[in-house]
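**Student:**
Protein chains in written order, with my numbering: chain A, 1 to 281; chain B, 1001 to 1152.
(1) Within 8 Å of any Cβ in chain A, is that where the Cβ of residue 1049 of chain B sits?
(2) Take residue 105 of chain A as the anchor and find which of A:276, A:270 and A:155 has the nearest alpha-carbon.
(3) Quick one: grab the DSSP three-state call for residue 25 of chain A.
(4) Against chain A, with Cβ distances strictly below 8 Å, would residue 1126 of chain B count as a contact?
(5) Please confirm whether residue 80 of chain A has its beta-carbon closer than 8 Å to some beta-carbon of chain B.
(6) What residues from chain A crowd round residue 1132 of chain B, counting only those whose CB sits closer than 7 Å?
(7) Taking 8 Å as the CB-CB limit, is residue 1081 of chain B close to chain A?
(8) Can you tell me where the alpha helix (DSSP H) with residue 1095 of chain B in it begins and where it stops?
(9) Between B:1010, B:1135 and B:1043, which lies nearest to residue 1149 of chain B when the distance is taken from Cα to Cα?
(10) Quick one: which chain A residues come within Cβ less than 7 Å of residue 986 of chain B?
(11) With distances taken Cα to Cα, identify the nearest neighbour of residue 161 of chain A among B:1138, B:1016, B:1067 and B:1086.
(12) To the nearest angstrom, report how far apart residue 1125 of chain B and residue 1102 of chain B are at their CA atoms.
(13) Pick from B:1067, B:1013, B:1075 and B:1140: whose alpha carbon is nearest that of residue 1033 of chain B?
(14) Does DSSP put residue 261 of chain A in a helix, a strand or coil?
(15) Check this for me: beta carbons of residue 140 of chain A and residue 87 of chain A, under 8 Å apart or not?
(16) Between the C-alpha atoms of residue 176 of chain A and residue 166 of chain A, what's the straight-line distance to the nearest angstrom?
(17) Just checking my contact of residue 1050 of chain B with residue 79 of chain A at CB under 8 Å: how many whole Å lie between their CB atoms?
(18) Using beta carbons (cut-off 8 Å, strictly below), is residue 158 of chain A in contact with chain B?
(19) Please state the DSSP three-state secondary structure of residue 1036 of chain B.
(20) Looking at the structure shown, is residue 149 of chain A part of a helix, part of a strand, or coil, going by DSSP?
(21) Is the separation between the beta-carbon of residue 1083 of chain B and that of residue 157 of chain A shorter than 8 Å?
(22) List, in order along the chain, the chain B residues whose C-beta lies closer than 8 Å to that of residue 83 of chain A?
(23) Measuring alpha carbon to alpha carbon, tell me which residue in A:111, A:229 and A:153 is nearest residue 200 of chain A.
(24) Quick check: what's the CA-CA separation for residue 1062 of chain B versus residue 1070 of chain B?
(25) Could I get the ranges of all uninterrupted alpha helix (DSSP H) runs contained in the segment 87-139 of chain A, with 4 residues as the minimum, in chain order?
(26) Which same chain residues end up closer than 7 Å to residue 91 of chain A when comparing Cβ atoms and leaving out the 5 residues on each side of it in sequence?
(27) Name the chain B residues whose beta carbon is nearer than 7 Å to that of residue 162 of chain A?
(28) For chain A, is any of its Cβ atoms less than 8 Å away from the one on residue 1109 of chain B?
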């Protein structure tokens, strides 16, 4: 399996020391006045990038029913992203809206988790990613319903119903492929193995998340882990699959460190609005 | 649904009753439960799904209908909370969905009756159908596929 470039401990340390006022590490540098902005950006970027990934399947899925499912999930996620990023732009007060944030930021300014930017691979890999993400997103949104920010709370309340569908659908496919043929099982095992190293990042707390937690905007991600593990382990058991072995976790998406895949995704997603900046429907 | 006594808001409600959902052009935005309240200054609506592409079309249609009826001063506001639920679809709305060939929402796990022949010998083909709000089902009695408005 192709492997991602490792992030060395000294790279992480250098990134943490970096306090440049502009550029790739804005999110770290200005977190104090912009806690809400940064949290909205993280939530919006997760949904946006996964929505874009899923939409790559449109017209290519194994069957028309699956095609519809993937496109509908993409639509839900892009809808969430629109609300989060529009609110981020409003909070920032600089005149940027959701479109501006989605289409006119460079790769190092994206703060999505690395799981969502991973390539679709085959259908099993896509479902492995979806299951690991949607299970987390559902638990997160259930908590964020009580966020002190009215936008976060309202979007979470609305979206948790949709994410429940995503979680159920992807869990069913993990079971069906894992407990399927020799071939489908091999592919699901490989898909889970690829995605597993990006799971720890979902539960990582940093300065931004801690500050947001203190003012009631956010939740303590580490406390979601036991329930997450319980759900994931139960589904994998039903799929007759082993829980993948823990690998060295890959962290950094929230600080703008990304795998090479995100830049390629953005090239496609941002091409049109960047080429024709004033284009409208 | 908001209760209004003023003549003006009654007029706005009358206008809204004529604005149909673009995806299901037999039910009005009121019957669908997306109009949450009407005041002298504003119509408050809520989207069905966060990413529903019809939301913009609905807002545009409401705007056009209000303008045409002389309610240019009435704003349209979108709220997300409380989140829309299929429980807000009115009894008339449910009957119209059924007549249009879309099974109205039922609690999950409850029997789904085919809108063509009425048989409950039905099965889900795909949880996601032609739009975010519908699932694709088929009837094992009359063999027709049909849309089920998902309970949400």
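Heads up, the beta-carbon is just placed ideally off N, CA and C, and yes, glycines get one too.
**Tutor:** Looking at the coordinates:
(1) At least one chain A Cβ lies under 8 Å of residue 1049 of chain B.
(2) Considering only alpha carbons, the answer is A:270.
(3) For residue 25 of chain A, the predicted model reports a pLDDT of 45, less than 50, meaning its position is unreliable; a value from the coordinates is still stated below. In the structure shown, residue 25 of chain A adopts coil according to DSSP, grouped into three states.
(4) Answer yes: the Cβ-Cβ gap between residue 1126 of chain B and chain A drops below 8 Å somewhere.
(5) Contact with chain B is found for residue 80 of chain A, since one of that chain's Cβ atoms lies less than 8 Å from the residue's Cβ.
(6) Under the 7 Å cutoff, chain A gives 72, 75 and 76.
(7) So yes, residue 1081 of chain B belongs to the interface.
(8) 1091-1100 is the span of the alpha helix (DSSP H), which, as asked, contains residue 1095 of chain B.
(9) Closest option to residue 1149 of chain B, Cα to Cα, is B:1135.
(10) In the structure displayed, chain B extends from 1001 to 1152; residue 986 of chain B sits before or after that span and is not available.
(11) That would be B:1086, whose Cα lies nearest to the Cα of residue 161 of chain A.
(12) Whole-angstrom Cα-Cα distance: 15 Å.
(13) From the listed residues B:1067, B:1013, B:1075 and B:1140, the smallest Cα separation to residue 1033 of chain B is found for B:1013.
(14) DSSP places residue 261 of chain A in helix when its eight states are reduced to three.
(15) Taking 8 Å as the Cβ cut-off, residue 140 of chain A and residue 87 of chain A do not qualify as a contacting pair.
(16) Using only the alpha carbons, I get a separation of about 15 Å.
(17) Yes, they are in contact, since the Cβ atoms of residue 1050 of chain B and residue 79 of chain A sit about 3 Å apart, within 8 Å.
(18) Yes - at least one Cβ of chain B is within 8 Å of the one on residue 158 of chain A.
(19) The answer is strand: DSSP assigns residue 1036 of chain B an E or B state.
(20) Coil, per DSSP.
(21) With respect to the 8 Å criterion, residue 1083 of chain B and residue 157 of chain A are classified as neighbours on the basis of their beta carbons.
(22) What residue 83 of chain A touches in chain B: 1050 and 1080.
(23) That would be A:229, whose Cα lies nearest to the Cα of residue 200 of chain A.
(24) In this structure, the CA atom of residue 1062 of chain B is about 12 Å from the CA atom of residue 1070 of chain B.
(25) Whole alpha helix (DSSP H) segments, 4+ residues: 98-103 and 114-117.
(26) Same-chain partners within the cutoff: 36, 37 and 40.
(27) Going along chain B in sequence order, the residues near residue 162 of chain A (Cβ under 7 Å) are 1049 and 1050.
(28) Residue 1109 of chain B does not count as touching chain A.
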